[in-house]
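Trainee: Encoded as structure tokens, here's the structure I'll be asking about.
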Amino acid sequence: MRNLRHFVSGLLMALALTATSLSVHARLPGDDPDSGLEALDFIVAVVNDDVVLASELKDHLRTVIGDLRRRGAQIPAPQVLHKQVLDRVVLTRLQLQEAEKSGIRLDDDTLNRAVRNIAKENGLNLAEFRTALQKEGFSFASFREQIRDQLIISRLRQRKVNNRVAVTSQEVDAFLASQESAGNNFREFHIGHILISLPSPASPDQIAEARQKADALVTSLRAGGDFSQAAIENSSGQQALEGGDLGWRPAAEIPVVLAERATALKDGEVSDAFRSPAGYH
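If you read the sequence shown in our numbering, its first letter stands for residue 1003, the second for the next number, and so on.
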């Protein structure tokens, strides 16, 4: 059976994190994620007409910290961790708001099928899965709503891709040919990614600061620095709290902005820093 706590912790992460200039008012809890949150709840972020409560942030922090400890990763400084987690919660809310405005909905039958499939993947029926979640300290109702959010955001992202991306058959053929000539057609790549994000538009000073930070990270990593820890502490990427780990992917499934450089690297090699509209990678 898969590790349920590790699985659920991933659902508490926002599904996309891009360089965005947000108008969000935020207040962070104190250095101790558990301090001062039991007696009185309060708002830590206002996201348009919605709010993020300290109790919600506390739940996310507990899950992320538990996941980092189980993986043996060093936990970042409290303020760094709070910001990483809060940013993800806020961006998830923004995506859900956008999905609602776009008319994206998820019916209960689709949601129930998704939950049953997750239970089946863990070798459990629904009743057993509910019990297993409760033993791990998770509410089944809360888990179900997290699955709903995940599926809605997935539909939103797919709609954006369908609306923005038009790839000709010639472009597909050219890409496949280039990968075949490089011997990458049937290879998979295990990629780590760090993003130093930039707002849009970015000032010359912001660009220079981000480039300097990215170059310093490259130097440190090439000298033997811990990539996972560097990602946790510095990255704005979607997988930052997983140590920047994008997992094993065939060349065709690597994000376009990374694909050409990633497939050219040797095992254990770190690329030079390079810029995209999102920032420096």
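Glycine residues also receive a C-beta, built at the ideal position from the N, C-alpha and C atoms.
Would you grab the beta carbon distance between isoleucine 1234 and glycine 1249 for me? Rounded to a whole angstrom, and I think it's under 8 Å.
Mentor: Their Cβ separation, rounded to whole angstroms, is 16 Å, which puts isoleucine 1234 and glycine 1249 out of contact at 8 Å.
Trainee: Can you grab the Cα-Cα spacing for the pair leucine 1096 / glycine 1270, in whole Å?
Mentor: Near 36 Å, if we compare the C-alpha coordinates of glycine 1270 and leucine 1096.
Trainee: Restricting to Cα atoms, I'd like to know which of Leu1098, Leu1113, Gln1240, Asp1110 is closest to glutamine 1086.
Mentor: Out of Leu1098, Leu1113, Gln1240, Asp1110, Gln1240 has the C-alpha closest to the C-alpha of glutamine 1086.
Trainee: Report yes or no: do three or more beta-carbon pairs, one from the region 1111-1121 and one from the region 1132-1149, lie closer than 8 Å?
Mentor: The answer is yes - the region 1132-1149 touches the region 1111-1121, with three or more Cβ pairs under 8 Å.
Trainee: Buried or exposed: proline 1031, going by 16 or more other Cβ atoms within 10 Å of its Cβ?
Mentor: Because proline 1031 sits at a pLDDT of 48, beneath the cut-off of 50, its placement in the model cannot be relied upon, and the point is left open.
Trainee: Should glycine 1194 be labelled buried (16 or more other beta-carbon atoms within 10 Å of its own) or exposed?
Mentor: Looking at its Cβ environment, which holds 16 or more other Cβ atoms inside 10 Å, glycine 1194 is buried.
Trainee: Within 10 angstroms of its Cβ, does asparagine 1050 collect 16 or more other Cβ (buried), or is it exposed?
Mentor: By the neighbour-count rule (16 or more Cβ atoms within 10 Å), asparagine 1050 is not buried but exposed.
Trainee: Could you give the DSSP three-state label for isoleucine 1149: helix, strand or coil?
Mentor: Note: isoleucine 1149 maps to helix in three-state DSSP.
Trainee: Within its chain, find whatever has a CB closer than 7 Å to the CB of alanine 1212; leave out the 5 residues flanking it on each side and keep chain order.
Mentor: Ile1198, Leu1200, Gly1281, Tyr1282.
Trainee: By the three-class DSSP mapping on this structure, what secondary structure does leucine 1200 have?
Mentor: Coil at leucine 1200, not helix or strand.
Trainee: Any chance the region 1263-1277 sits against the region 1204-1220, with 3 or more Cβ pairs inside 8 Å?
Mentor: Output reads yes: the region 1204-1220 touches the region 1263-1277.
Trainee: Considering only their Cβ atoms, is the gap separating glutamine 1076 from glutamine 1231 smaller than 8 Å?
Mentor: Against a cut-off of 8 Å, the Cβ pair of glutamine 1076 and glutamine 1231 comes out as a contact.
Trainee: Let's see if you can read the secondary structure: which residues bound the alpha helix (DSSP H) around valine 1272?
Mentor: Segment: none, valine 1272 is in no alpha helix (DSSP H) and carries neither H nor E.
Trainee: Using the Cα positions of alanine 1254 and alanine 1264, report the straight-line distance between them to the nearest angstrom.
Mentor: Their backbone Cα atoms lie some 12 Å apart in a straight line.
Trainee: So leucine 1063 and valine 1046 are supposed to be a Cβ contact under 8 Å. How far apart are they, rounded?
Mentor: About 11 Å; that fails the 8 Å criterion.
Trainee: May I ask which residues mark the beginning and end of the beta strand (DSSP E) holding phenylalanine 1191?
Mentor: From DSSP, the beta strand (DSSP E) with phenylalanine 1191 extends over 1190-1194.
Trainee: Short of 7 Å in beta carbon distance, which residues of its chain neighbour valine 1082, apart from the five on each side in sequence? Order them along the chain.
Mentor: Cβ within range, chain order: Glu1235.
Trainee: If I'm right that arginine 1157 touches isoleucine 1106 with Cβ under 8 Å, what's the distance once you round it to whole angstroms?
Mentor: That pair is a contact at about 5 Å.
Trainee: Going residue by residue through the region 1072-1137, where are the continuous beta strand (DSSP E) segments of at least 3 residues, counting only ones entirely within it?
Mentor: Fully enclosed beta strand (DSSP E) runs of 3 or longer: not present.
Trainee: Out of Pro1257, Asn1127, Leu1153, Ala1134, which one is the CA nearest neighbour of aspartate 1111?
Mentor: Nearest option by C-alpha distance: Leu1153.
Trainee: Can you give me the Cβ contacts of leucine 1223 inside the same chain, cut-off strictly under 7 Å, excluding the 5 residues immediately before and after it?
Mentor: Phe1229, Ala1232, Val1272, listed in sequence order.
Trainee: Kindly indicate which residue of Asn1127, Leu1243, Pro1206 has the alpha-carbon position closest to the one of isoleucine 1196.
Mentor: With distances taken between Cα atoms, isoleucine 1196 lies closest to Leu1243.
Trainee: Could you give the DSSP three-state label for alanine 1261: helix, strand or coil?
Mentor: Helix at alanine 1261.
Trainee: From Glu1138, Ser1205, Pro1252, Val1259, pick the residue whose C-alpha is nearest to that of aspartate 1069; which is it?
Mentor: When only C-alpha atoms are compared, the closest one is Glu1138.
Trainee: Measuring CB to CB, does valine 1091 end up less than 8 Å from valine 1054?
Mentor: Yes; because the gap between Cβ atoms is below 8 Å, this pair is in contact.
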